[in-house]
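One structure is given here, and the rest of the page talks about it.
Residue numbers (my numbering): 958 to 1355.
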């Protein structure tokens, strides 16, 4: 199948041709006719499956010019970085259309965003839930024209605690609308929200839930402790010339900063770090440097990595094993995109073996273990968290 086989108009086909896209992905060709039919959709798709174009193409195909300039298409995403990416995708597809696209998110002056919406309007509004709710309550735009609601990365939004804002928004916008929800995993909480607010959604799967993309080679190392993990990471980055764009996951912001300090000593000006404590401009610039090839390595927390939309991430390294199995799927899905091979490497300490088993249970397949490299020093220096805790027994005397 090619894009010409879909019921796309000339402006969209020209934009796709400009972008050198000719063949729709699985999620794109499966979702398109269902959205065009007006039914609600639940798309089960991981990062790298083309889901953004999957919902944008049919939504934009059905968009009609309206002089009122109130939003017809509302797209909710979990992070400001994703707002920027989706806005860029809409603009790419609407090169030959008179569509006004606006992105709004927290961390910037709400009055500026409100004034922009009041003065210029928006046909397509891309937003994070918290900022969108505030703008609706401030009367920054009229919701009555909203015909399509897209909720992207729903599982991640619920993980971030946006359930209340999302349900509030669903109560405030017109009930007569088409709902499109996309999520890498469908949890009980996602199911409940769909049951409460959606109208018998059609499920569309790009790949079975919990199944990693087929072109990702997964491996893991058993590592005794934190400092040995650092030694192993240094060794892998130093000896493997194929590691040209590497995304290194750290479970916490403090761990990300600590890793950055250590890795930057060996690879100065080749590594960046992003997490929610970093300024927005810093995060945008870091990702930009990564895309441009200035940085070979980015250390990121789970949430911030959602803002990294780079087609050629060669490797994902899980410095720690995620305690939520679905996060493993999200992490490794950053590589192996656009039909290219990717490699995912996970470091697993004895305490993390339970997480490994949960991940393997979700995927219904084991993660192949590699022999620990002989040349890598095994450290006997333990962090405070790794040191055995001595429990003192208190004996009371009369």
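Glycine residues also receive a C-beta, built at the ideal position from the N, C-alpha and C atoms.
Annotation for residue 1105: the continuous beta strand (DSSP E) segment containing it runs 1105 to 1109. A residue is called buried once 16 or more other Cβ atoms fall within 10 Å of its Cβ, and residue 1094, having fewer, is exposed. Counting only the Cα atoms, residue 1299 lies some 11 Å from residue 1268. Between the alpha carbons of residue 1320 and residue 1279 lies a gap of roughly 14 Å. DSSP lists 1139 and 1161 as the beta-bridge partner residues of residue 1000. The alpha-carbon separation between residue 1009 and residue 1046 amounts to approximately 8 Å.
One thing to note: residue 1329 has its Cβ no nearer than 8 Å to the Cβ of residue 1186. Residue 1090 and residue 1126 have their C-alpha atoms roughly 6 Å apart. Looking at the DSSP output, residue 1272 sits in a beta bridge with 1203 and 1300. For residue 992, no beta strand (DSSP E) run applies; the uninterrupted alpha helix (DSSP H) run containing it begins and ends at 983 to 993, by DSSP. Boundaries cannot be given for residue 976, as no alpha helix (DSSP H) includes it and DSSP labels it neither H nor E. Residue state for residue 1079 is assigned as coil, using DSSP reduced to three classes. Of the residues 1342, 1175, 1033 and 1144, the one whose Cα lies closest to the Cα of residue 1087 is 1033. When the beta-carbon positions are compared, residue 1006 and residue 984 come within less than 8 Å of each other.
For residue 1178, the enclosing beta strand (DSSP E) starts and ends at 1173 to 1179. Three or more Cβ pairs drawn from the region 1073 to 1083 and the region 1018 to 1028 lie within less than 8 Å of each other, which places the two stretches in contact.
Taken atom to atom, the span from the alpha-carbon of residue 1200 to that of residue 1190 is near 12 Å. Counting only the Cα atoms, residue 1254 lies some 6 Å from residue 1227.
A Cβ-Cβ distance of about 6 Å is found for the pair residue 1022 and residue 1055, placing them in contact under the 8 Å criterion. Remark: fewer than three beta-carbon pairs, one from each stretch, lie closer than 8 Å, so the region 983 to 1003 and the region 968 to 975 are not flagged as touching. Contact holds between the region 1241 to 1257 and the region 1215 to 1225, because three or more Cβ pairs, one in each stretch, are under 8 Å apart. Annotated as proximal: residue 987 and residue 1161, with beta-carbon spacing under 8 Å.
Per DSSP, residue 1228 is one residue of the beta strand (DSSP E) stretching across 1228 to 1231. About 7 Å separates the Cβ atoms of residue 1092 and residue 1074, confirming a contact at the 8 Å cut-off. Take the alpha-carbon of residue 1210 and the one of residue 1243: they are about 16 Å apart. Here residue 1308 is exposed. Its C-beta has fewer than 16 other C-beta atoms within 10 Å.
Residues of the same chain with a CB within less than 7 Å of the CB of residue 1100, apart from the 5 flanking positions on each side, are 1093, 1129, 1130 and 1131 in chain order. Under DSSP, residue 1031 forms a beta bridge with 1082 and 1106. For the options 1111, 1119 and 1156, the alpha carbon positioned closest to that of residue 1287 is the one of 1111. An exposed status is given to residue 959, since fewer than 16 other beta-carbon atoms sit within 10 Å of its beta-carbon.
Contact between residue 1302 and residue 1206 does not hold, since their C-beta atoms are separated by about 10 Å, which reaches or exceeds 8 Å. Counting of Cβ neighbours within 10 angstroms places residue 1234 among the exposed residues, the total staying below 16. In the structure shown, residue 1061 adopts extended strand secondary structure according to DSSP, grouped into three states. Residue burial is scored here from C-beta neighbours: residue 1326 has fewer than 16 other C-beta atoms within 10 angstroms and is therefore classed as exposed. The alpha-carbon separation between residue 1338 and residue 1114 amounts to approximately 38 Å. Under the three-state reduction of DSSP output, residue 1305 falls in the strand class.
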